Amino acid sequence: MSQNNSQNVYRTTSSRVGKMLAIMLGICLVGGVIFFGMWDYWISQPAPVVAMMAGEKTHAGPAEATGITITQDLQFLESADFRSLTFNALIDEPGANPTIEMSVGDKVVFNVVNDGMSFHAFGVTKDTEGFAGIIPGSEVAAPTNPLITPVTKPNIITVKIL
Amino acid sequence: MTLELQKPRPIWQIMFSTHHTDVGLLYLISSLTFLFLGGSLALGIRAELFLPGSQIIADSMTFNRIFTVHGTTLIFLFIIPFASAVGNYYVPIMVRYKDMAYPKLNAIAFWMIPPAGVLIWLGFADFTWYATPPYSIISAPGPAADMWIFGLKILGISSVLGALNFVVTILKCKHPDMSIGQIPLLAWSFLSSSLIIIVAIPTFAAALLMLLTDRLGVSGFFNPAMGGDPISYAHLFWFTFHPEVYVLVIPAIGMMYEIIPRFSRKPIYSYNSGIFAFVMLSIVGFSSWAHHMYATGMSFTEKTVFMVGTLAAVPASAMHVFNFVATMWNARIRFSTPMMWAVGGIALFFSAGAGGVVNSAMPLDFTTHDTYWVVGHFHLFVMGTIAFGSIGYLYYMFPYVTGRMYNETLGKIHFVMSFVGTVLVFFTQHVLGLYGMPRRIYDYPPIPEWIAMNQIATVGAIIIGISMAIFLANMIYSAGKGKPADTDDPFGLGGRYYYPFEAKNPSH
Amino acid sequence: MSGHSNWPEWIYVAVVIALMAWVGAEAWETERLIEHVPADAKTIIVTGQQWFWTFEHEDGTKEIGELHVEVGKAYKFEVVSTDVNHSFNIHDYVVLIDAIPGRVNTVWFAPDKVGEHDIQCREYCGLIHYNMRGTLYVTEPTS
Chain Z
307 MSQNNSQNVY RTTSSRVGKM LAIMLGICLV GGVIFFGMWD YWISQPAPVV
357 AMMAGEKTHA GPAEATGITI TQDLQFLESA DFRSLTFNAL IDEPGANPTI
407 EMSVGDKVVF NVVNDGMSFH AFGVTKDTEG FAGIIPGSEV AAPTNPLITP
457 VTKPNIITVK IL
Chain C
717 MTLELQKPRP IWQIMFSTHH TDVGLLYLIS SLTFLFLGGS LALGIRAELF
767 LPGSQIIADS MTFNRIFTVH GTTLIFLFII PFASAVGNYY VPIMVRYKDM
817 AYPKLNAIAF WMIPPAGVLI WLGFADFTWY ATPPYSIISA PGPAADMWIF
867 GLKILGISSV LGALNFVVTI LKCKHPDMSI GQIPLLAWSF LSSSLIIIVA
917 IPTFAAALLM LLTDRLGVSG FFNPAMGGDP ISYAHLFWFT FHPEVYVLVI
967 PAIGMMYEII PRFSRKPIYS YNSGIFAFVM LSIVGFSSWA HHMYATGMSF
1017 TEKTVFMVGT LAAVPASAMH VFNFVATMWN ARIRFSTPMM WAVGGIALFF
1067 SAGAGGVVNS AMPLDFTTHD TYWVVGHFHL FVMGTIAFGS IGYLYYMFPY
1117 VTGRMYNETL GKIHFVMSFV GTVLVFFTQH VLGLYGMPRR IYDYPPIPEW
1167 IAMNQIATVG AIIIGISMAI FLANMIYSAG KGKPADTDDP FGLGGRYYYP
1217 FEAKNPSH
Chain L
120 MSGHSNWPEW IYVAVVIALM AWVGAEAWET ERLIEHVPAD AKTIIVTGQQ
170 WFWTFEHEDG TKEIGELHVE VGKAYKFEVV STDVNHSFNI HDYVVLIDAI
220 PGRVNTVWFA PDKVGEHDIQ CREYCGLIHY NMRGTLYVTE PTS
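The listed protein sequences correspond, in order, to chains Z, C and L. Start counting the first sequence at 307; every next residue gets the next number (the numbering used here). Start counting the second sequence at 717; every next residue gets the next number (the numbering used here). Start counting the third sequence at 120; every next residue gets the next number (the numbering used here).
Next up, the structure:
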């Protein structure tokens, strides 16, 4: 371009380049702090449609508390051939899959440990299969953020049984 | 027209400026930042895949998020903004106009990019850069998914605004003495890619909105449980994104049209073929989208139609390769850094296209679909052609923008290492795909051939990473302390350097 | 336009077009042949879900994660999904078709050698996509 021939060329300086880099690095650091500081939040919520697809479940309001608390330890186990998934003992052994008897208004605390060989999440449900019917509030970990093995993650959940 | 126009200005004045060179500079800095951010994620992926089992990433969810953000960042936050940087800086100069047609809109289009980038990076969604339903509706967790959707919506709007600006500037604001058949091929490349953007992006904008409402549960476009069809998203997505890959590659080829004739010290072999090839590619590019969907269960006729559409675009791309080779034939070539990048880019463009012909053949696609063959193929395009062309052009415009010269030796070392690394990673991945390794997997069974090829690819990636670090150091140091350049002919080519077209009325 | 002859370019473009036409014709013919499902192919219903494969044979036998077939026989897979997109793939036999919820996709093959092969998922489906694998056992015919 002919007009450039007569124009003086002004160039930037290292200090200005340094200032620009400092600004950008600062933005990245602040963003990193926010992201890592809230690590669990960003992938914590299933889409609203998932709850809608679970259908209309009649979860009536909480009952009046009786003051009784039942504690149940649940140790999740997988058999060696992965065909049996049980709590507390392998299938057909005594103590497997405990039954909890409680009355309306009691509080139950589940301490869940994943001693299986892969990732799992848990919840309380009325259905015989599937996880669409898991009672909100009774979830231990989530499908997208499961319990990694073998880590003890006791989770206190309060379930009001109707 | 170097970085500081009259005297050193405060940084905030550059940031709020609407002048096309300032906006171009902002796009440049932002796109290079995201190049390095996205590239670091790639290094993380390759480090993890060095061996079966967990290396540096503890769980597959994190890995899934990393490759999603890697792809999203490099496509939407590096390649497209970098092209906008070059376009903003040079299109007004090329058409001999004082600025872009809509300077304020231009600045607004740029300033949409940082917030969108923040949304994408803070959320770090996990559903791949395609966001295919039903996974992205019923399985992908929020708010990361929703932040990604909003981020991409903003980026789409930014792209369309920029494209409108380019089209109006080139067609309506060009110098009255200049006919459309006289603007440089780089300007033609921006005209083509902008027209494609205007036609193609609105489809994806609609698809994104539908994805969002599906996630909220108020609609069931793609959710089978609510009567929708996931394949319709694939059609909408690929209708945009197949032409979009031409949007990505056409500016890079345009940049090579600036570099190769000049460094060959010969005029381009056929300017008209260049125009024809750009226009044909833009139009025919709309006819091939469902070659990405051969495995979804389409009928034989549908697959045939799209195969024909895909193959029809090959001659247009091939014309560009011929044009470059014919230009370099018997020329006194000066292999400075920009020329090396451009020529390397053309060689890799040719290999990428050759591999692509395999994918387009319906039965062969069943071997390669969703394996590392596809990963190698498209990376030869985005890295081998587009990044190579872009980086070469960055070296080319460096003296013009900063008034200084970068270190030529380091530039050549950067090229050689990147070329070797690119070949090591992406050619190997073609073979890896033939051995059956699927894409997007955090871990793989200990098959010896897979392990060996993954290790070769990781070594290649590390070589690229080191070369990029050298590049960054070169750019930063030379911007402030490089040798002052002769802005009329920084590369010692002899003759005019930029835009030899002279207005008939010299006072314009 | 330009002062040179451009017959090399015309020849080059003609060669490229001829090459693409040949690729297209061969691909068309091959696909036409492989899409023709033999009449005696046995149907196997393949269900993909997050994150495992299940199979149901014509006689009602169900298998999880493993598939047993006999050498020399033709099998037609009807592939479905219960949740998100998956893709049923037996790479060694180039069996590949997506499992899309809400539709049934069909692909067939006829294994010609006894052996074991990997079944994998070839469409990203989330957390354990990388391990959504199975094993195909091709055995001698029992009868």
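Just so it is clear, CB atoms sit at the ideal spot from N, CA and C, and this is done for glycine as well. Remember, it's a predicted structure, so these values are computed and weren't measured experimentally.
Residues of chain C with CB closer than 7 Å to the CB of residue i, please, in chain order.
i	result
S424 of chain Z	Near S424 of chain Z there are no residues of chain C at all, since even the closest Cβ is about 11 Å away, more than 7 Å.
H210 of chain L	G1152
Q239 of chain L	P1154
G167 of chain L	Simply none; closest approach about 12 Å.
W147 of chain L	T1020
V323 of chain Z	I1192, A1195, G1196
Name the two residues that bound the continuous beta strand (DSSP E) containing residue i.
i	result
V419 of chain Z	413-420
A218 of chain L	214-218
S200 of chain L	194-200
D237 of chain L	234-240
W227 of chain L	224-228
I441 of chain Z	Counting along the chain, I441 of chain Z falls outside any beta strand (DSSP E), and DSSP gives it neither H nor E.
Round the Cβ separation of residue i and residue j to the nearest angstrom and send it over; I've been treating them as touching at under 8 Å.
i	j	result
T1144 of chain C	I1172 of chain C	5 Å
P1054 of chain C	Y1111 of chain C	5 Å
T173 of chain L	T166 of chain L	5 Å
P125 of chain L	S1033 of chain C	Before going further, note that residue 125 of chain L is Asn rather than Pro in the sequence given. About 18 Å separates the two Cβ atoms, so there is no contact after all.
F207 of chain L	V213 of chain L	Actually they are not in contact, since the Cβ atoms of F207 of chain L and V213 of chain L sit about 12 Å apart, beyond 8 Å.
T788 of chain C	N204 of chain L	With 8 Å as the limit, T788 of chain C and N204 of chain L do not qualify as a contact, their Cβ atoms being about 19 Å apart.
A860 of chain C	I454 of chain Z	With 8 Å as the limit, A860 of chain C and I454 of chain Z do not qualify as a contact, their Cβ atoms being about 20 Å apart.
M1078 of chain C	E150 of chain L	4 Å
Starting from residue i and walking both ways along the alpha helix (DSSP H), at which residues does that stretch end?
i	result
E150 of chain L	126-153
W728 of chain C	727-731
L911 of chain C	901-932
I886 of chain C	860-888
L679 of chain C	Outside the shown range of chain C (717 to 1224) lies residue 679 of chain C, about which nothing can therefore be said.
V1074 of chain C	1053-1076
V1030 of chain C	1016-1044
H803 of chain C	Position check: residue 803 of chain C holds Gly in this sequence, whereas His was assumed. Residues 796-810.
By DSSP, does residue i sit in helix, in strand, or in coil?
i	result
S1004 of chain C	coil
N780 of chain C	helix
M326 of chain Z	helix
S206 of chain L	strand
P1161 of chain C	coil
Q381 of chain Z	strand
H958 of chain C	helix
P1200 of chain C	strand
F938 of chain C	coil
I853 of chain C	helix
L767 of chain C	coil
P274 of chain Z	For chain Z, the structure presents residues 307 to 468; residue 274 of chain Z sits outside this window and is missing.
P892 of chain C	coil
H273 of chain L	One cannot answer for residue 273 of chain L here, as it falls past the ends of chain L, which runs 120 to 262.
L719 of chain C	Only weak support is given to the placement of L719 of chain C: the predicted model assigns it a pLDDT of 44, under 50, and the question is left unresolved by the model.
M996 of chain C	helix
P1154 of chain C	strand
S312 of chain Z	Note that S312 of chain Z has pLDDT 43, beneath the 50 cutoff, so the model's placement of it is unreliable and no number is given.
List, in chain order, every chain L residue whose beta-carbon is nearer than 9 Å to that of residue i.
i	result
D945 of chain C	I219, G221, R222
Just to make sure I have the definition right: I need the residues of chain L whose C-beta is within less than 8 Å of the C-beta of residue i. Which are they?
i	result
Y851 of chain C	V203, N204, Y243, C244, G245
Chain C partners of residue i, CB-CB under 9 Å?
i	result
F416 of chain Z	Simply none; closest approach about 23 Å.
E128 of chain L	Y985, S986, S989, M1035, F1038, N1039, A1042
F388 of chain Z	Per Cβ cutoff of 9 Å: no residues; F388 of chain Z is ~17 Å from chain C at best.
Going along chain C in order, which residues have a C-beta closer than 8 Å to the C-beta of residue i?
i	result
G443 of chain Z	None at all; the shortest Cβ gap to chain C is about 18 Å.
G337 of chain Z	V834, W837, L838
Starting from residue i, find everything on chain Z with Cβ-Cβ shorter than 9 Å and list it in chain order.
i	result
P857 of chain C	W348, I349, S350, Q351, P352, A353, A448, P449, T450, N451
Compute the minimum distance between the beta carbon of residue i and the heavy atoms of the ligand ADP, and state whether it is under 6 Å.
i	result
P452 of chain Z	This structure simply doesn't include the ligand ADP, nor any ligand for that matter.
Handout entry: Cβ pair count under 8 Å reaching 3, the stretch 816-836 of chain C against the stretch 862-872 of chain C
Key = yes
Practice task
Check whether the stretch 722-741 of chain C touches the stretch 755-765 of chain C, counting contact only when three or more Cβ pairs, one atom from each stretch, lie closer than 8 Å.
Solution key: no
Exercise for the section: Determine contact between the stretch 1022-1032 of chain C and the stretch 134-146 of chain L, defined as no fewer than three beta-carbon pairs at a distance below 8 Å. Expected result: yes
Practice task
Take every Cβ of the stretch 950-958 of chain C, pair it with every Cβ of the stretch 911-927 of chain C, and state whether three or more of those distances are shorter than 8 Å.
Solution key: yes
Practice task
Assess, as a yes-or-no matter, whether the stretch 1059-1073 of chain C is touched by the stretch 986-999 of chain C under the definition of 3 or more beta carbon pairs within less than 8 Å.
Solution key: no
Exercise for the section: Would you be able to state if there are at least three C-beta pairs under 8 Å between the stretch 372-390 of chain Z and the stretch 407-424 of chain Z? Expected result: yes
Practice task
Indicate whether the contact test is met: 3 or more Cβ pairs, each with one atom in the stretch 1079-1099 of chain C and one in the stretch 238-250 of chain L, closer than 8 Å.
Solution key: yes
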